[in-house]
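In what follows, a single structure is set out as structure tokens and then discussed.
2 protein chains.
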Amino acid sequence: MERTLVLNSPEKIGQKVRLCGWVATRRDHGKLVFIDLRDRSGIVQIVGGEKLGGLRPEDVVEITGTVRERPEKMVNPKIPTGKVEIEGEEVKILARAKELPFPVDTGGLDVNEELRLKYRYLDLRRPRMAGNLRLRHKLIRFIRDYLDNQDFVEIETPVLTKATPEGARDFIVPSRFRSGKFYALPQSPQQYKQLLMVAGFEKYYQIARCFRDEDPRADRAYGEFTQLDLEMSFAAQEEILALTENLFKDIAEKVLQKKIWQFPFPRISYQEAMEKYGTDKPDLRPNKKDVDLLAFCFVIDFPLFEWKKSENRWDAMHHPFTAPKEEDIPLLEKEPGKAHSYQHDLVLNGFEVGGGSIRITDPKLQEKIFEVMGHTKGQIKQKFGHLLAAFEYGVPPHGGIAPGIDRFLMVALNEPSLREVIAFPMTAGGQTAVMDAPSEVDPLQLKEVGLRAAGS
Amino acid sequence: MERTLVLNSPEKIGQKVRLCGWVATRRDHGKLVFIDLRDRSGIVQIVGGEKLGGLRPEDVVEITGTVRERPEKMVNPKIPTGKVEIEGEEVKILARAKELPFPVDTGGLDVNEELRLKYRYLDLRRPRMAGNLRLRHKLIRFIRDYLDNQDFVEIETPVLTKATPEGARDFIVPSRFRSGKFYALPQSPQQYKQLLMVAGFEKYYQIARCFRDEDPRADRAYGEFTQLDLEMSFAAQEEILALTENLFKDIAEKVLQKKIWQFPFPRISYQEAMEKYGTDKPDLRPNKKDVDLLAFCFVIDFPLFEWKKSENRWDAMHHPFTAPKEEDIPLLEKEPGKAHSYQHDLVLNGFEVGGGSIRITDPKLQEKIFEVMGHTKGQIKQKFGHLLAAFEYGVPPHGGIAPGIDRFLMVALNEPSLREVIAFPMTAGGQTAVMDAPSEVDPLQLKEVGLRAAGS
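Protein chains in written order, with my numbering: chain R, 1 to 456; chain V, 1001 to 1456.
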């Protein structure tokens, strides 16, 4: 007899079934004992006698029994298996459970978050969290199908790589073979995806893990996050925006069953956004409390540079690979602050959920941008020589966008934190869920990579 | 006029088209000039006059022209567009190309590999390499569809995590918030996937990036690799093997168009493999030179431990989470070397392409295994306390397998190295492709994480 998922049971009245799962609840009515058995498909009621008596919540059991129709007044309309129950005949306890540190049948947002993360493997049993992760899987699957059908190719890029200038702090990884040298974890696959355009793939994407050692914020996880990284050759900015809005419209309607406020998504210039809404991340919903409405817009025509006061220099508003508008190139020399770019941000309900741009492909112009940002010729060659060299061998015009998966899901599901849509997130202090990291390493391992503690 | 891919052209005779791509070749016949234009879909011949004269190989161009049928004797049966050519009317050069450091229309295996990796963005233009990456995409897509249809859920696990005892050296990442402490990059998501079983997902998979700081070998990339990480609850070993062999049979036939030697895959005990073939990775092909035949087998009934001479102790043959056969548990105390386990290896044409096992779920037994391996109670608690704790809250029986994506593709495509199926692999010496990493970092950044060079 094959194992049956509980949700299959209604059509199996009279049949013998074998179920495996967790004891969700137990109710004793004298000699009659009821348990709700939970597996990944849902819950079903088991009725039995003494055999069920010793079971405790969250014990793992294998139950063999017969599917029976419930008497009409006992039907539970709240669950898909509510018309049946299983008469438990054999009960095998596969594993016992101690009392849990918190209940897992509630939403869980009232439980201390450090405790939730310490016992994440229990926290993920709650239907809300399991549902969020299943929905995340469905979302990513939908994105992949959508792009695959448009002839995009997903290509994996390295995690052990070189530092990139995305504006945040890199995580670094000491090298054993080259003592005193380091890899960096990518803040995004930006340069690799541009190199893939030089290689001729034309339509690339990747569900990519990115790493930033930035102080956490409510809408920014510490450490790592996941983005849909996407790049296209021979595409104008409007083609990238059209692809993006069609993708997210379908996601909203087919994956999330939510309404879109305006379609096509409004294109708002940075200047208009700042003047009209006082922010470059406007929330266009008529009622900000409407959690089932997704109000997307694109913000475009950003300034190319912003003044970085702390370093007394111009810095790229997006990143240094963003193309200036052609007509503004003459401004670079004397009035870089007035130049506008082909940056585009995807904004949803007041959150930036994605950013991108048309890229620079002229190596001379790329060098010029680095110079405006204060890099010397030597630094440019050392840090970006490979990219400038690549642009000498036949580079197609290209651009892309990178919507954040965690960020988008948090906003679309109206969750209070990114951690509600990530399986094993870190705490705000950079402590991993469940496992005790960061932790100390054997001094021998440090020695192998040519390092020692600064104080030692 | 929308941009047309070259492969669409045969059905467009008489129509005006706009093509974008790379100049693959140019042939001058007096006033008549022919170029082969290459885009991601293939190649088409453009015929024209002076306008094409200035084009050089690998220039990026946009060409507007009319599709014409070729005279019968000019038809090229070798390419899908061989019955047509484009009469080039307008030619726009989008980017120039210098002379390439090596040809990209050959197989490329004769070119110096360091040079190929330095210019990987050009090396990937060769049809063999572009084809390998497209096939890799198709393979991974097929795996995902297959598992999604069987109700598996893909869940992303952390890259910044704690050291795990998979037998290889960890890459470590210094923490800024906790000076002197380190994250480790995962050698596999082993413990996270077991925790996801405790969480109740029952059927998990992930196309997972894994990291090992091991000296490279022909069949092992330095640094990082990708595996299909898969785990199931309430499944016996045979269910895992059956799922795996059905998946790989379909991959062989539907993705790779290759023949399978024996199905179901033979199950060979470790002892039989060693006695009969002198290896636990037997190549079962009747003719070892038959590159279109995939001879899979499972090797099972491995010893639980092997003696680690260098450390004078027992070490897990697979990893310490592998369950011993029930009947061998009494041997653990006095004759651990005689105990057998529920390890299973997937072997293809003489290469191990995947390994897995049924896991231990009894915390007492798990502790015992660690003790046999020479860990003290204190070490066990410090390193694995979280997993032993998780097993106290209702753990389902579970097991899994983890086939290597790069490894499988290399063997199945009969490529001489893993680097032929990875977009941007490292050199054997741990140097990244294209980019100059590992490299030095600002001493300030080292100071931020509480480190300094051992010699300074």
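Each residue gets a CB set at the ideal place from its N, CA and C atoms; glycine is no exception.
query, result
"Is there a Cβ of chain V sitting closer than 9 Å to that of Y22/R, yes or no?", "Note on identity: in this sequence residue 22/R is Trp, with Tyr being the wrong assignment. Closer than 9 Å to some Cβ of chain V, the Cβ of W22/R qualifies, so yes."
"Quick check on R1136/V: does DSSP put it in helix, strand or coil?", "helix"
"When you compare each of G429/R, V6/R and I401/R to E245/R by their alpha carbons, which one comes out closest?", "I401/R"
"Three-state secondary structure (DSSP) at G398/R?", "The sequence shown places His at residue 398/R, not Gly. Three-state result, H398/R: strand."
"Does any C-beta atom of chain R lie closer than 9 Å to the C-beta of E1224/V?", "yes"
"So does V67/R have its beta carbon nearer than 8 Å to some heavy atom of the ligand ADP?", "Here there are no bound small molecules, and the ligand ADP is not part of this structure."
"Can you give the Cα-Cα distance for E272/R and P324/R, rounded to whole angstroms?", "19 Å"
"Rounded to whole angstroms, what is the Cα-Cα separation between L1115/V and V1434/V?", "9 Å"
"I need the straight-line Cα distance from R27/R to T1361/V, nearest angstrom please.", "28 Å"
"In its own chain, which residues sit with a C-beta less than 8 Å from the C-beta of G1448/V, not counting the 5 before and 5 after it?", "The residue asked about is misnamed: residue 1448/V is Glu in this sequence, not Gly. R1176, listed in sequence order."
"With a Cβ-Cβ cutoff of 9 Å, do R1144/V and E1154/V count as a contact?", "yes"
"Would you mind telling me which residues of chain V sit closer than 7 Å to E156/R, beta carbon to beta carbon, in chain order?", "T1226 and A1423"
"Quick test of the definition: if touching needs 3 or more C-beta pairs under 8 Å, does the segment 232 to 243 of chain R touch the segment 397 to 414 of chain R?", "yes"
"Any beta carbon of chain R sitting closer than 9 Å to that of S1175/V?", "yes"
"Provide the residue span of the beta strand (DSSP E) that contains M232/R, from first to last.", "G223 to S233"
"May I ask which residues mark the beginning and end of the alpha helix (DSSP H) holding Y1393/V?", "First-last for Y1393/V: undefined, no H or E at that position."
"I want to verify the contact list: residues of chain R whose CB lies under 7 Å from the CB of I1063/V, in sequence order.", "Per Cβ cutoff of 7 Å: no residues; I1063/V is ~12 Å from chain R at best."
"Could you give the residue range of the beta strand (DSSP E) that holds K1364/V?", "Here K1364/V belongs to no beta strand (DSSP E); instead the alpha helix (DSSP H) covers P1363 to V1372."
"Take S341/R and list the residues in its own chain whose beta-carbon comes closer than 6 Å to its own, dropping the five residues that flank it on each side.", "F302, L304, T322 and P324"
"Rounded to whole angstroms, what's the CA-CA distance from G1088/V to T1081/V? Just pull it up for me.", "15 Å"
"Are the C-beta atoms of H375/R and some chain V residue less than 9 Å apart?", "no"
"So with CB distances below 7 Å, who are the chain R contacts of F1234/V?", "R3 and C20"
"Please report how far the alpha carbon of T427/R lies from the alpha carbon of Y222/R, in whole angstroms.", "7 Å"
"Can you check whether the C-beta of P1396/V is within less than 9 Å of a C-beta belonging to chain R?", "yes"
"Can you name the start and end residues of the alpha helix (DSSP H) that A1412/V belongs to?", "I1405 to A1412"
"Is it buried or exposed, R126/R, if we count other Cβ atoms within 10 angstroms and call 16 or more buried?", "buried"
"Touch check for the segment 1355 to 1374 of chain V and the segment 1259 to 1270 of chain V: three-plus C-beta pairs under 8 Å?", "no"
"If we cut at 9 Å on Cβ distances, does P303/R have a partner in chain V?", "no"
"For E367/R, which residues in the same chain have their Cβ closer than 7 Å to its Cβ, ignoring the five residues on either side in sequence?", "I380 and L388"
"In whole angstroms, give me the CA-to-CA distance for G1053/V and A1184/V.", "56 Å"
"Going straight from the alpha carbon of T226/R to that of L133/R, what length do you get?", "14 Å"
"In terms of alpha-carbon separation, which member of Q191/R, E113/R, E85/R and E327/R lies closest to P101/R?", "E113/R"
"For a minimum of 3 consecutive residues, which ranges assigned as the beta strand (DSSP E) are wholly contained in the segment 199 to 279 of chain R?", "203 to 212, 223 to 233 and 267 to 269"
"Determine the DSSP secondary structure at Y1183/V, reduced to helix, strand or coil.", "strand"
"Check whether the segment 1307 to 1319 of chain V touches the segment 1277 to 1291 of chain V, taking contact to mean three or more Cβ pairs, one atom from each stretch, closer than 8 Å.", "no"
"So is V60/R in contact with chain V if we call contact Cβ pairs under 9 Å?", "yes"
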